[in-house]
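Mapping of the sequence shown onto mature numbering (1 follows the signal peptide of the UniProt record, and there is no 0): residues -27 to -1, 1 to 270, in sequence order.
Glycine is no exception: its CB is placed at the ideal position from the N, C-alpha and C atoms.
What follows is a short report on a single structure.
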Amino acid sequence: MTILSRFASRAAVMLCLAVATPFSAQADEAIGKFDDPSRIVAIGGSITEIVFALGEGDRLIARDTTSVFPPEAMALPDVGYMRQLSPEGVLSVSPGGILALEGSGPKETIDVLKKASVPYIEVAERFDHQGILAKIRAVGTALGVEQKADVLAKEIDAKLRAAEERTKDVKEHKRVLFILSMQGGKVMASGADTAANGIIALAGAVNAIEGYSGYKQLTEEAIVEARPDVILMMSRAGEHTANDDEILNNPAIASTPAGKAGKIMRMDGAYMLGFGPRTADAVRDVAVALYGDQIAD
C-alpha cells in the first residue's frame, strides 16, 4: 500500500471544502491595488502563502482558518472559515484592506464587506499552472510589489515546468480517484474544475471521474466504471474521514484496480490542494508516489 502522510489538521478539511466549488472563468479580470497596503486581512490559504512568499507577511494583521502555512501565519488572529465569514469577524480587527480569494463567502457577507469603507480586492482562482502564476502576480499588484511578484512567479513557473516534465515519458497514465469523504458507505469524489482534478492533471495522471464539475456522491456503478488505479485522499482527522480498511472494504472500491492492489495515497490537504507557492513540490510528490522509477529525475 502506498501512503503519503503529512501533518493533518481540521484546517486542511476546511481548505478542501473551500476548493470544492468549481472555479469560474474570471481569472483574467483586472486586479485592484491598495492605496495603503498595510493592515491587510488575507482570506484564503494560498493568498496568505503568497503574501509571505513575497516577503510581505508583516502587512497582515489577520487571516482565515484555511491559512495554515507558513507557521508564522498561525500567530495571526483567525477571522473565520473563508466560506462562512461574518462582517463583524472580519471588520473586528480594523483592517486597512481585505485581500480575498475568489469563492470567499457567504455572498451576503462579501456584499457587506464590499460596501464597507475598507478596500476589498478579490483574487481569481484557477486550478492550473497559469492560474498559480496569475494569482501570484495579482497579489503582488494588490500590495504594490509587482517586481517581487514577477520574480516569484518566474521561480514558481520554472519549478512547475520541471515537475510536469518528469512525467512526460510515462507510457500509461494512472487513473486517480480523489475521495473527499465517505459517510455511510457513500463516497464523495472530485470531478472536473476542482483543485483535486488540477493536481492530478499536473502530476501526469487522469481523473478517473468524468461528467461533472465539483464534488458529488458516487453510485457503486460509477465507482466500478471509473476503474481507478489509485485512491487519493487528504491525510487528516475529520468527522467523515474513513481509514484505509473502511475504504478498501467498500464493495465497489474493492472491485477496482486500486482496491485490489490496496493503492491509497494520502497527503496534507493544504499542501496538495492549495495551488500556491508550494504546488510544484506537491506535484512532484504526487508524481513520485504514482510512478516511482518510471519518471525522470
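- Cβ atoms of Ser11 and Gly249 stay farther apart than 8 Å, at about 22 Å.
- By a beta-carbon distance limit of 8 Å, Ser40 contacts Ala15. Their separation comes to about 6 Å.
- Taking all protein chains in view, the Cβ of Met155 is crowded by 16 or more other Cβ atoms within 10 Å, so the residue is classified as buried.
- Around the C-beta of Arg200, fewer than 16 other C-beta atoms lie within 10 Å, and the residue is accordingly described as exposed.
- If only uninterrupted alpha helix (DSSP H) runs of at least 4 residues are considered, those enclosed by the stretch 40 to 70 are 60 to 64.
- Contact annotation: Thr82 and Leu58 have beta-carbon atoms nearer than 7 Å.
- Going by DSSP, Leu175 is part of the alpha helix (DSSP H) stretching over 168 to 175.
- In this structure, DSSP gives Phe25 a helical state, which the three-state scheme calls helix.
- Ranked by how close their Cα comes to the Cα of Leu49, the residues Leu33, Ile105, Asp123, Ile204 have Leu33 in first place.
- Tyr264 carries a helical assignment under DSSP once its states are collapsed to helix, strand and coil.
- The continuous beta strand (DSSP E) containing Glu95 extends over residues 93 to 96.
- If you draw a 10 Å sphere on the C-beta of Val203, you find 16 or more other C-beta atoms in it, and that means buried.
- The Cβ atoms of Ala126 and Ile109 lie closer than 7 Å to each other.
- Under the three-state reduction of DSSP, Ser19 is assigned to helix.
- Measuring C-alpha to C-alpha distances from Ala253 to each of Phe7, Asn223, Asp101 identifies Asp101 as the nearest.
- Two segments are said to touch when three or more pairs of C-beta atoms, one from each, lie closer than 8 Å; by this definition the stretch 162 to 171 does not touch the stretch 127 to 139.
- Listed as beta-bridge partners of Ala131 by DSSP are no residues whatsoever.
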